[in-house]
Amino acid sequence: KLRYANWMSSLSPKLTAMPLKHLAVPGSHDSFSFWVDVKAPVGPDQKAIVKYLATAFRFVSKKVMKKWSMTQNLTFKEQLDAGIRYFDLRVSSKPGESGTEIYFIHGLFGHKVCDGLSDINSFLDAHGKEMVFLDFNHHYAMGMEHHTYLINMLQEVFGPKLCKIGVVEEITLDYLWENKYQVIVFYHHPSAENCPLIWPGNKCPAPWANTTDTTKLFQFLETTLGERAKMGSFHVTQAILTPRVKTIVKGLVKGLRNYLVERNLPIILTWVETQKPGVDGINIITSDFVELTDFANTVINLNNLLLNEQDRKKT
Numbered sequence: 272k273l274r275y276a277n278w279m280s281s282l283s284p285k286l287t288a289m290p291l292k293h294l295a296v297p298g299s300h301d302s303f304s305f306w307v308d309v310k311a312p313v314g315p316d317q318k319a320i321v322k323y324l325a326t327a328f329r330f331v332s333k334k335v336m337k338k339w340s341m342t343q344n345l346t347f348k349e350q351l352d353a354g355i356r357y358f359d360l361r362v363s364s365k366p367g368e369s370g371t372e373i374y375f376i377h378g379l380f381g382h383k384v385c386d387g388l389s390d391i392n393s394f395l396d397a398h399g400k401e402m403v404f405l406d407f408n409h410h411y412a413m414g415m416e417h418h419t420y421l422i423n424m425l426q427e428v429f430g431p432k433l434c435k436i437g438v439v440e441e442i443t444l445d446y447l448w449e450n451k452y453q454v455i456v457f458y459h460h461p462s463a464e465n466c467p468l469i470w471p472g473n474k475c476p477a478p479w480a481n482t483t484d485t486t487k488l489f490q491f492l493e494t495t496l497g498e499r500a501k502m503g504s505f506h507v508t509q510a511i512l513t514p515r516v517k518t519i520v521k522g523l524v525k526g527l528r529n530y531l532v533e534r535n536l537p538i539i540l541t542w543v544e545t546q547k548p549g550v551d552g553i554n555i556i557t558s559d560f561v562e563l564t565d566f567a568n569t570v571i572n573l574n575n576l577l578l579n580e581q582d583r584k585k586t
């Protein structure tokens, strides 16, 4: 897996000169959910019924929730070593806790955000030509003071590595290397509007199919890819299935991975293999449990199609 720790720096110069929005980049869905705290209260991102069940059954349902909340097994460092370069981040304060600490969240609370960011930063220090997309797309139980705390933290942790907002088409790996930028942060909340180092969320749409059916998923992904060119932004293809309440009830004991994901990952990977990066093609692709298939490698290898295309144009 470690051979993917430097995959960006080993791309062909033809690719590093292309806009990043045209390259294929592997990402993870709910990237931080490799560890959740079953002892902490249920997160504010959950529906009332889940909160009720969690209170009613205490540990039973937390264990079940954990099986459905965890969408990744690998830590940030392990994901980065495996080639993942886009992180889907959902964050929350802990209601009732004093101070402005922010945690990752997916049904249950995960690690403190500051710890996760410093792990990512250590990797970037050791791999100077790799870059990451950090997409803060859901914020729960956060007031202005929490947003200020998080935005300041991003600037403190990453400092000069943060890529300032620019024209998406002009962002290439060459451009990032030249400026020693390694991090593009998207922030889906107006509180970051006046910060030139934090990109607005609309520069990275991630349309969500919300289905348990792979056929519907692929139709949705293809439709949204077709509409992508006019957006002038990066683009996330969420190659994931979403459990419904009845899915969870049916597969209660098995959990997300065993019940929904493992069965369908090979089908999803086959679809990914048929994709092409480029102007109307895929850009960032996210998956659950990125290590269960040859996901990152498959996505990274799609970039070879762009090289073949350039060579064909010449002949």
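Letter by letter, the sequence shown follows residues 272 to 586 in this note's numbering. In this text, a Cβ means the ideal position worked out from N, Cα and C, and glycines have one as well.
Report the option in the options whose CA atom is closest to the CA atom of residue i.
i	options	result
isoleucine 355	Phe380, Lys451, Ile442, Phe303	Phe303
valine 296	Leu573, His418, Glu580	Leu573
tryptophan 542	Gly414, Val507, Glu368, Gln490	Gln490
leucine 563	Asp582, Asn579, Arg534	Arg534
tyrosine 275	Gln343, Met341, Phe394, Leu360	Phe394
aspartate 386	Ile555, Val362, Asp565	Val362
arginine 499	Gln317, Gly526, Ile555	Ile555
lysine 333	Glu368, Gly503, Gly370, Ala311	Ala311
glycine 414	Lys365, Gln317, Leu388	Lys365
isoleucine 267	Gly552, Leu496, Thr485, Leu577	Lying before the first or after the last residue shown, residue 267 is absent from the chain, which here runs from 272 to 586.
serine 462	Lys487, His410, Val507, Gly503	His410
glycine 503	Gly437, Val532, Asp445	Gly437
cysteine 466	Trp448, Gly298, Cys434	Cys434
proline 290	Leu496, Lys337, Asp445, Thr371	Asp445
glutamine 256	Thr371, Leu388, Gly370, Lys338	Outside the displayed range of the chain (272 to 586) lies residue 256, so it cannot be described from this structure.
leucine 540	Leu496, Leu488, Lys501	Leu488
isoleucine 338	Glu368, Gly497, Val532, Asp582	Correcting the residue identity first, residue 338 is lysine in this sequence and not isoleucine. Checked all of Glu368, Gly497, Val532, Asp582; the closest Cα to lysine 338 is Val532.
glycine 430	Glu441, His460, Asp396	Asp396
At a cut-off of 7 Å, is residue i close to the ligand MN when judged by its beta-carbon and the heavy atoms of the ligand?
i	result
methionine 402	With respect to small molecules bound, the structure shown includes none, and the ligand MN cannot be examined in it.
Can the beta-carbon of residue i be found closer than 8 Å to that of residue j?
i	j	result
lysine 474	valine 454	no
valine 335	leucine 379	no
histidine 300	valine 550	no
tyrosine 452	glycine 472	no
alanine 567	alanine 353	yes
asparagine 277	histidine 417	no
threonine 483	arginine 528	no
phenylalanine 407	asparagine 344	no
threonine 443	threonine 287	yes
leucine 236	alanine 480	As displayed, the chain neither begins before 272 nor continues past 586, which places residue 236 out of reach and without an answer.
asparagine 450	valine 428	no
serine 340	valine 307	yes
phenylalanine 505	valine 439	yes
isoleucine 376	aspartate 316	yes
lysine 285	leucine 536	no
valine 456	glycine 298	no
leucine 405	leucine 360	yes
Assign residue i to buried or exposed, taking buried as 16 or more other Cβ atoms, counted over all protein chains shown, within 10 Å of its Cβ.
i	result
lysine 272	Low confidence applies to lysine 272: its pLDDT is 48, below 50, so where it sits in the model is not reliable, and the reading given next is rough at best. Exposed.
glycine 381	buried
alanine 477	buried
valine 570	buried
aspartate 565	exposed
proline 548	buried
serine 342	Serine is not the amino acid found at residue 342; the sequence shown has threonine there. The residue in question, threonine 342, is buried, as its Cβ has 16 or more Cβ neighbours within 10 Å.
glycine 552	buried
threonine 494	exposed
glycine 314	buried
glycine 526	buried
*Check whether the region 342 to 356 touches the region 410 to 424, taking contact to mean three or more Cβ pairs, one atom from each stretch, closer than 8 Å.*
The region 342 to 356, when compared against the region 410 to 424, does not touch it at the 8 Å Cβ threshold.
_Ordered list of beta strand (DSSP E) runs contained in the region 290 to 366, each at least 3 residues_ = Entirely contained in the region 290 to 366, the beta strand (DSSP E) runs reaching 3 residues are, in chain order, 296 to 299, 357 to 363.
*Looking at C-beta atoms only, is the number of pairs between the region 503 to 514 and the region 544 to 559 that lie closer than 8 Å three or more?*
Flag = yes, the region 503 to 514 and the region 544 to 559 touch.
*asked:* Using a Cβ distance threshold of 8 Å, determine whether the region 400 to 408 contacts the region 278 to 287, with at least three qualifying pairs required.
replied: A contact exists between the region 400 to 408 and the region 278 to 287.
*Could I get the ranges of all uninterrupted beta strand (DSSP E) runs contained in the region 357 to 439, with 3 residues as the minimum, in chain order?*
Unbroken beta strand (DSSP E) runs of no fewer than 3 residues, entirely contained in the region 357 to 439, are found at 357 to 363, 374 to 377, 379 to 383, 403 to 411, following chain order.
_For a minimum of 4 consecutive residues, which ranges assigned as the alpha helix (DSSP H) are wholly contained in the region 474 to 549?_
Every alpha helix (DSSP H) of 4 residues or more that sits fully in the region 474 to 549 is shown, in chain order, as 485 to 497, 516 to 521, 533 to 544.
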